[in-house]
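In our numbering, the protein residues as written are 4 to 451.
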């Protein structure tokens, strides 16, 4: 009988919490037959874009965005759970525009993080810090999920319900951090003992053995830095970029068709085989033992089918939730990678690498939908881009000094916890206002 691994139990708990939340949060029923229409094309939904001007709001917003991007880039979660509440409560954007602006900020932070990591190596193995096999398995289905989430976001009044239950994710990450911290402590003690000179209290009557100089096998040391052309798996990167371009093209073409027409649904459905062709290729290679997740340090092995299907569904789920809430999907992928046994540095770098594709696609889609003001977005993108580089540099230095990669896990847990509280608070505030004004809180009409 197949044993359910820790990564499986992680997502099962998360799915249960989501289902409970959907049923109990506000009693909203999903209906597509309501007469209430507020789709952007019907001009029923009014965007709220404050003018960009120097003042306390933009200063506080920039400070929050800076620390959110710094922590989010280190943890591999992007920081969208902090950006969305800041944009809605402090700057004054409407919920949907806040989601779109958040995607712009995540893209800036993710792109600069990838730029920082592109030359770095695995902490213990002679490999790139970005696991391209892991990216091939998750990134295409993550992009597919983001596409679905963005579509759902266009006819949902406000997707952020009370997400305080996601504190469970941060708690799980926190305990993972404690576990990693203890392992690092043991490793430090063992290393300290091994480096101490051995002391002999007694006398040894045995004759000293003759020293014989024998040729030893010289092992090539792990390379800390290699040229960029060697540190990138260009074939895998080409597959990821090609998949991103095709799905983006289908999504853009869909925006120029009549909603719910045959061509509209055809372009939507075509994204599924495109995404699963790449993820399926990687899954097939893992199943046959032709490829492996090298960052775990494991040898060639045959992955079970149920585990591969589960990983693909996790990627889709992360994308859908990320597209709905203005997150990058990393708040699910990064903890999931840790549960798989991926080192913290690799989990963060690979999650951010996958997020760069998904977030950038969302930005292009939202730009075509005219969901955010460009000047404001450029300002906050500049802030998050610089913040991500600073965060990466500071944390890498701390890891080198302290020798504890568990710092990344603790930052991840803190970022998820803060995001859950902020998003939940914004959701409750918006729900209270809608109840007070007796506004419709369900789904808008998709086909009109």
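All C-beta atoms in this analysis are idealised placements derived from N, C-alpha and C, irrespective of residue type, glycine included.
Outcome for residue i when other beta-carbon atoms lying within 10 angstroms are tallied against a minimum of 16
i: residue 355; result: buried
i: residue 315; result: buried
i: residue 142; result: buried
i: residue 139; result: buried
i: residue 305; result: exposed
i: residue 176; result: buried
i: residue 258; result: exposed
i: residue 125; result: buried
i: residue 119; result: buried
i: residue 403; result: exposed
i: residue 287; result: exposed
i: residue 110; result: buried
i: residue 233; result: exposed
i: residue 58; result: exposed
i: residue 99; result: buried
i: residue 266; result: exposed
i: residue 453; result: No answer is possible for residue 453: it lies beyond the span of the chain, which begins at 4 and ends at 451.
i: residue 195; result: exposed
i: residue 345; result: buried
i: residue 44; result: Legend: pLDDT at residue 44 = 43, less than 50; position of this residue unreliable, value from coordinates given subsequently. Exposed, because fewer than 16 other Cβ atoms sit within 10 Å of the Cβ of residue 44.
i: residue 90; result: buried
i: residue 371; result: exposed
i: residue 349; result: buried
i: residue 328; result: buried
i: residue 55; result: exposed
i: residue 338; result: buried
i: residue 333; result: buried
i: residue 261; result: exposed
i: residue 264; result: exposed
i: residue 94; result: buried
For residue i: DSSP bridge partner residues
i: residue 124; result: 131
Contacts around residue i, its chain only, beta-carbon distance under 7 Å, and the 5 residues preceding and following it disregarded
i: residue 197; result: none
i: residue 192; result: none
i: residue 412; result: 176, 179, 180, 183, 341 and 347
i: residue 65; result: 386
i: residue 367; result: 251
i: residue 374; result: 99, 100 and 103
i: residue 351; result: 77, 78, 79, 337 and 411
i: residue 231; result: 121 and 122
i: residue 60; result: 93 and 94
i: residue 378; result: 55
i: residue 376; result: 52
Same chain, Cβ closer than 8 Å to residue i, neighbours up to 5 away in sequence not counted
i: residue 274; result: 147, 150, 250, 253 and 254
i: residue 219; result: In this predicted model, residue 219 has a pLDDT of only 40, less than 50, meaning its place in the structure is not dependable; the value taken from the coordinates is given anyway. Cβ within range, chain order: n/a, list empty.
i: residue 398; result: 77, 410, 411 and 414
i: residue 187; result: 406, 407, 408 and 409
i: residue 364; result: 146, 149, 150, 247, 250, 251 and 254
i: residue 384; result: 107, 108, 110 and 111
i: residue 229; result: 122 and 124
Whole-Å CB distance - residue i paired with residue j, under 8 Å assumed
i: residue 173; j: residue 423; result: 7 Å
i: residue 80; j: residue 318; result: Not confirmed; about 15 Å, so no contact.
i: residue 296; j: residue 137; result: 6 Å
i: residue 96; j: residue 51; result: 6 Å
i: residue 290; j: residue 308; result: 6 Å
i: residue 84; j: residue 324; result: No, residue 84 and residue 324 are not in contact; Cβ-Cβ is about 11 Å, not under 8 Å.
i: residue 242; j: residue 256; result: Contact flag wrong, Cβ pair sits at about 22 Å.
i: residue 53; j: residue 426; result: In fact, because the Cβ distance is near 21 Å, the residues do not count as touching under 8 Å.
i: residue 69; j: residue 390; result: 4 Å
Cβ-based neighbour list, residue i, same chain, cut-off 6 Å, excluding 5 preceding and 5 following
i: residue 465; result: For residue 465 there is no data in the structure shown, the boundaries of the chain being 4 and 451.
i: residue 331; result: 81, 83, 109, 325, 358 and 362
i: residue 67; result: 89
i: residue 123; result: 132
i: residue 134; result: 298, 349 and 353
i: residue 285; result: 139 and 140
i: residue 294; result: 136 and 288
Chain C contact for residue i (CB, 8 Å cutoff)
i: residue 409; result: No chain C is present in this structure, which holds just one protein chain.
Looking at C-beta atoms only, is the number of pairs between the region 356-369 and the region 97-115 that lie closer than 8 Å three or more? Contact between the region 356-369 and the region 97-115 is present: 3 or more CB-CB pairs across the two stretches fall below 8 Å.
Within the chosen definition, does the region 402-420 reach the region 64-76 through at least 3 CB pairs nearer than 8 Å? Cβ pair count under 8 Å is three or more, so yes.
Below 8 Å, how does it come out for the region 232-239 and the region 98-106: are there three or more Cβ pairs, yes or no? No, because fewer than three Cβ pairs between the region 232-239 and the region 98-106 fall closer than 8 Å, the two stretches do not touch.
Check whether the region 381-397 and the region 277-288 touch, using three or more Cβ-Cβ pairs below 8 Å as the test. Too few Cβ pairs lie closer than 8 Å, so no.
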